[in-house]
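Step one of this worksheet: look at the structure below.
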Amino acid sequence: MQTVACKATSGVFTWLAILITCHHIYLHLKYYTVPSEQRWIVRILFIVPIYSFDSWLSLMLFNTNDLYIYFDTIRNCYEAFVVYNFLSLCYEGYLGGESAIMAEIRGKPVKTNWISCTCCLAGKTYSIGTLRFCKQATLQFCIIKPPLAIITLILQSFDLYKDGDFNVNSGYLYITIIYNISVSFALYALALFYYATQEILKPFDPVLKFIVVKSVIFLSFWQGLLLSILEATGAITPVSVGGSAAEVLGIGTVAAGIQNFIICIEMLFAAVALRYAFPYQIYQEKQSDKGMTSTQSISSRLKDTVNPTDIVQDAVHNFSPSYQNYTHLK
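For the sequence shown, the residue numbers in our numbering are 510 to 839.
In structure tokens:
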């Protein structure tokens, strides 16, 4: 991780991924003809620049023990944001919201199979509770991640957090357990929503979108878990800085460096895959005004995509007891 070749390779992959994705985002903002869909798409696309640059910067500072945790915290928070935005794209953008979805799936039997972990739901039918669970399971991930990130940084400042340290006196064990439970619920909710709505989602070619988004999140999740196991088994060893025995990077830092390098490489492939999964051309065809789009217009559209007020409103609607049995009408 300390070699020039490693840093150069990760840098090339990172900046190519960023250039490809930023151009893709620009095209969506230029042909911003369906804001109800493209707002969510642009937010999803930002995962590539954030993931890749964050991971690359961590590699550049690899010799500084534990500093990478601050960068990884930002990356992990955005991960939760992407899961929520992808569900919202399908939920609000493509399918038109709760009332439209319920008109299609209400009363239909739940498709049971082991892949979607719905074997225990045999004989059940889809209801507003199904949609609420999917939304709540993704929203809880968004809500839990920032406090976990803050707690991680606090524990780190008191030397109570070390990556890969499963000791009961280390904060890493408890943060990892909570995170894994939370992300598992969120990813399960995505799968459940897909199986409930796959027929009405067909016109929007959902399969590639689901595969790409879940792969980005899942790969990061499982790579981190695998590296933690390798740390615990001693397969990953400390590394001396500059060949000096006096300064040694811990196994947690080494594992994080490996994870960051892999993410830098993966994000280039993710950038290309996202370009096919969320093409801008279908929105370009809907633009009536073929003239030049001003920089000011693109800037205002970008502000629209980064405005987080919709998440707060969604959380209130989905977690408030007053709305539990009511369908939201747009």
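All residues carry an ideal CB built from backbone N, CA and C; glycine is no exception.
For clarity, every value in this text was computed on a predicted model and none was experimentally measured.
Spatial neighbours of residue i in its chain, beta-carbon cut-off 7 Å, leaving aside the 5 residues before and after
i, result
"Glu740", "Gly673, Ile760, Gly761 and Ala764"
"Ser691", "Gln649, Phe650 and Ile653"
"Val677", "none"
"Pro655", "Cys586"
"Tyr835", "Since pLDDT at Tyr835 reaches only 49, below the 50 mark, its modelled position is unreliable, and the value read off the structure follows with that caveat. Counting only Cβ-Cβ distances below 7 Å, and skipping sequence neighbours, we find nothing."
"Leu838", "Because Leu838 sits at a pLDDT of 49, beneath the cut-off of 50, its placement in the model cannot be relied upon, and the point is left open."
"Ile614", "Tyr635, Ala705 and Thr706"
"Ala631", "Thr621"
"Val725", "Ile556 and Ala779"
Same chain only: Cβ atoms within 8 Å of residue i, ignoring 5 sequence neighbours per side
i, result
"Leu662", "Ile578, Tyr579 and Thr582"
"Cys515", "Leu568 and Phe770"
Coil, strand or helix - residue i by DSSP
i, result
"Thr746", "coil"
"Leu699", "helix"
"Leu838", "Confidence in Leu838 is poor, its pLDDT being 49 and thus under 50, which makes the residue's placement too unreliable to answer from."
"Cys634", "Going by the sequence as given, residue 634 is Thr instead of Cys. Thr634: strand per DSSP, three-state reduction."
"Leu739", "helix"
"Leu758", "strand"
"Pro618", "strand"
"Tyr789", "coil"
"Tyr670", "coil"
For residue i, the nearest candidate out of the options (CA to CA)
i, options, result
"Ser727", "Pro712, Glu775 and Thr742", "The displayed chain sequence assigns Phe, not Ser, to residue 727. For Phe727, the nearest C-alpha among the options comes from Glu775."
"Gln822", "Glu588, Thr706 and Ser597", "Ser597"
"Phe702", "Glu601, Ser519 and Ile660", "Glu601"
"Asp813", "Cys515, Thr518, Arg552 and Ala514", "Arg552"
"Thr706", "Ala612, Phe667 and Ser724", "Ala612"
"Leu696", "Gln793, Val781 and Ile720", "Ile720"
"Asp714", "Val748, Ser545, Tyr785 and Leu682", "Tyr785"
"His532", "Val591, Tyr683, Ile686 and Val781", "Val781"
"Gly520", "His826, Lys795 and Leu777", "Leu777"
"Ser806", "Pro544, Ile529, Ala514 and Val513", "Pro544"
Own chain, CB closer than 6 Å to residue i, minus 5 neighbours either side, in chain order
i, result
"Ala698", "Cys643, Ala646 and Thr647"
"Ser564", "Asn769, Ile772 and Cys773"
"Ile745", "Leu739, Ile760, Val763 and Ala764"
"Gln547", "His537 and Tyr541"
"Leu664", "Tyr670 and Gly680"
"Gln796", "Tyr540 and Thr542"
Residue span of the alpha helix (DSSP H) that contains residue i, given as start and end
i, result
"Glu588", "Tyr577 to Ser597"
"Lys516", "Val513 to Lys539"
"Lys812", "Thr804 to Val815"
"Gln547", "Pro544 to Leu554"
Open item on the list: I want to know whether the region 720-735 touches the region 522-533 - three or more CB-CB distances under 8 Å.
Closed with: The answer is no - the region 522-533 does not touch the region 720-735, with fewer than three Cβ pairs under 8 Å.
Task: Validate contact between the region 557-564 and the region 634-649 using beta carbons, cut 8 Å, 3 pairs - done: As far as the Cβ criterion goes, the region 557-564 does not touch the region 634-649, which means the pair count is below three.
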